[in-house]
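Worksheet: one structure, shown below.
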Amino acid sequence: MIKPTTVRLVLTIAVSYVWTIHQLDVHNAFLNGILQEEVYMAQPPGFIDPALPSHVCRLHKSLYGLKQAPRAWYNRLSKFLLSIGFQASKGDTSLFILSHDGAMIYLLVYVDDILLTGSNSAVLHRLITLLQSEFKLRDLGSVHFFLGIEVKSTAMGILLSQHKYTLDII
Numbered sequence: 627m628i629k630p631t632t633v634r635l636v637l638t639i640a641v642s643y644v645w646t647i648h649q650l651d652v653h654n655a656f657l658n659g660i661l662q663e664e665v666y667m668a669q670p671p672g673f674i675d676p677a678l679p680s681h682v683c684r685l686h687k688s689l690y691g692l693k694q695a696p697r698a699w700y701n702r703l704s705k706f707l708l709s710i711g712f713q714a715s716k717g718d719t720s721l722f723i724l725s726h727d728g729a730m731i732y733l734l735v736y737v738d739d740i741l742l743t744g745s746n747s748a749v750l751h752r753l754i755t756l757l758q759s760e761f762k763l764r765d766l767g768s769v770h771f772f773l774g775i776e777v778k779s780t781a782m783g784i785l786l787s788q789h790k791y792t793l794d795i796i
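To convert, take the position in the sequence shown, counting from 1, and add 626; that gives this note's numbering.
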């Protein structure tokens with residue numbers, strides 16, 4: 627679970643150094659997870675093999691609705707990030723940090739939403755391209771909305787607001 631203080635800290639660092647903050651969205655994130663344990667399911671209706679109607683399917687990749695799906699997705703993503711040089715934060719499992727050729731990159735992940743910021747925009751764009759080569763994702767550009775928090779750029783930095791969330795509740 628992502629810690630709100632970590633989100634505020636990363637946003638504060640980005641604003642302090644005037645870094646851009648990219649938001650990425652991973653399509654069907656849970657379908658990217660590779661299962662470590664054996665999981666079986668009944669043949670889905672409409673796809674039952676008439677010759678073997680009582681057989682079950684062994685899953686190799688996760689599906690939405692499996693209790694293992696969130697962990698399998700997180701393990702696949704973190705393994706990939708670690709393989710390209712990121713370090714996992716010891717204080718928050720949703721934060722990954724890359725120090726490369728003097729550039730600092732911070733990556734926050736919450737399920738299928740990723741915030742990415744850093745000191746070198748060329749390294750950021752190469753990283754986004756690398757992530758896109760491994761996972762199907764969209765670069766949503768500058769962050770506007772993350773975890774129910776609206777993020778608005780101002781002349782003095784950014785403004786965090788839950789105005790939309792408040793209106794939805796009312």
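By construction, the Cβ of each residue, glycine as well, lies at the ideal position given by its N, Cα and C atoms.
Quick check: residue 741 and residue 750, are their CB atoms within less than 7 Å of each other?
no
Flag this pair as touching only if the stretch 766 to 782 and the stretch 669 to 682 have three or more C-beta atom pairs under 8 Å; answer yes or no.
no
Which one or two residues does DSSP pair with residue 729 in a beta bridge?
Under the DSSP definition of a beta bridge, residue 729 partners with 726.
Under a Cβ-count criterion, where at least 16 other Cβ atoms within 10 Å of its own Cβ denotes burial, should residue 731 be classed as buried or exposed?
buried
Compare the Cα-Cα distances from residue 738 to each of 636, 650, 641 and report the closest residue.
650
Report the residue from 636, 646, 641 whose alpha carbon sits nearest the alpha carbon of residue 765.
646
Would you kindly check if the distance between the Cβ of residue 761 and the Cβ of residue 699 is under 7 Å?
no
Quick one: what's got a C-beta closer than 6 Å to residue 743's C-beta in the same chain, skipping five residues either side?
640, 645, 647, 732
Considering only the beta carbon of each residue, do residue 697 and residue 658 sit closer than 7 Å?
no
Between 711, 695, 694, 717, which has its C-alpha nearest residue 727's C-alpha?
Ranking 711, 695, 694, 717 by Cα distance to residue 727 puts 711 first.
DSSP on residue 631, reduced to helix/strand/coil?
The answer is helix: DSSP assigns residue 631 an H, G or I state.
When we look at the beta-carbon of residue 772 and count the other beta-carbons within 10 Å, is it buried (16 or more) or exposed?
buried
Assign residue 673 to one of two classes, buried (16 or more other C-beta atoms within 10 Å of its C-beta) or exposed (fewer than that).
exposed
Sequence ranges, alpha helix (DSSP H) only - wholly within the stretch 656 to 743, length at least 4
695 to 709
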